[in-house]
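Residue numbers (our numbering): 202 to 334.
Using N, Cα and C, we set each Cβ at its ideal position, and we do this for glycine too.
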Amino acid sequence: MENTKKVGKNFYENLGKLFYAVAVADSRIHRQEIDKLRTFIRKYWLEVDELEDEYGTDAAFQIESVFDWLVDNEKAGDECFDEFREYYQDHAGIFNPFIKVLILDTANAISNSFAGKNKAELVLLGKLELLLK
Numbered sequence: 202m203e204n205t206k207k208v209g210k211n212f213y214e215n216l217g218k219l220f221y222a223v224a225v226a227d228s229r230i231h232r233q234e235i236d237k238l239r240t241f242i243r244k245y246w247l248e249v250d251e252l253e254d255e256y257g258t259d260a261a262f263q264i265e266s267v268f269d270w271l272v273d274n275e276k277a278g279d280e281c282f283d284e285f286r287e288y289y290q291d292h293a294g295i296f297n298p299f300i301k302v303l304i305l306d307t308a309n310a311i312s313n314s315f316a317g318k319n320k321a322e323l324v325l326l327g328k329l330e331l332l333l334k
């Protein structure tokens, strides 16, 4: 059971990195992008599984925690995307078709939330789509 919790926590942490990379693709993170991510976490990601962190909080909130930490520390988006890609390649088996669609839906919603998608976001979304196929 502890191993499942560790995989779940790492899974959500890496999603936080991915969604941060999407939001920062245009070199700025806008309030609308943060709000859209939080909405998606509460509306969809909390329903994915029953995993909780060590404090009894739904593990899906790790997405938000990691995202906020990355915002505060102004990490490079391409580096975060590369870390997500490595995680995905090492753990492809836990990414079922539903999760892949939810990842793409969340990433698209974030990028659409402020003035539509720009070129940098389109490129990143294209890379993500190819990775998840």
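Taken through DSSP and simplified to helix, strand or coil, D259 comes out as strand. Assignment of E253 by DSSP, reduced to helix, strand and coil, places it in the strand class. Distances from the CA of D236 to each of A308, F212, E287 were compared; the closest alpha carbon is that of A308.
Counting along the chain, the unbroken alpha helix (DSSP H) around V302 starts and ends at 298-313. Per DSSP, the continuous alpha helix (DSSP H) segment holding L333 begins and ends at 320-333. Following the DSSP letters along the chain, one finds I235 inside the alpha helix (DSSP H) bounded by residues 232-244.
Counting only residues of its own chain and dropping the five nearest sequence neighbours on each side, A222 has a CB closer than 6 Å to the CB of G278, C281, F282.
Judged by DSSP secondary structure, G317 falls outside any alpha helix (DSSP H); it is assigned neither H nor E. With the rule of 3 Cβ pairs closer than 8 Å, the segment 245-262 counts as touching the segment 295-310.
Contact between the segment 312-322 and the segment 212-230 is present, with at least three C-beta pairs closer than 8 Å. Distance from the CA atom of Q233 to the CA atom of Q263, rounded to whole angstroms, is 20 Å. For I311, same chain residues with a beta-carbon under 7 Å away, outside a window of 5 residues either side, are F220, V223, A224, E234, K237, L238 in chain order.
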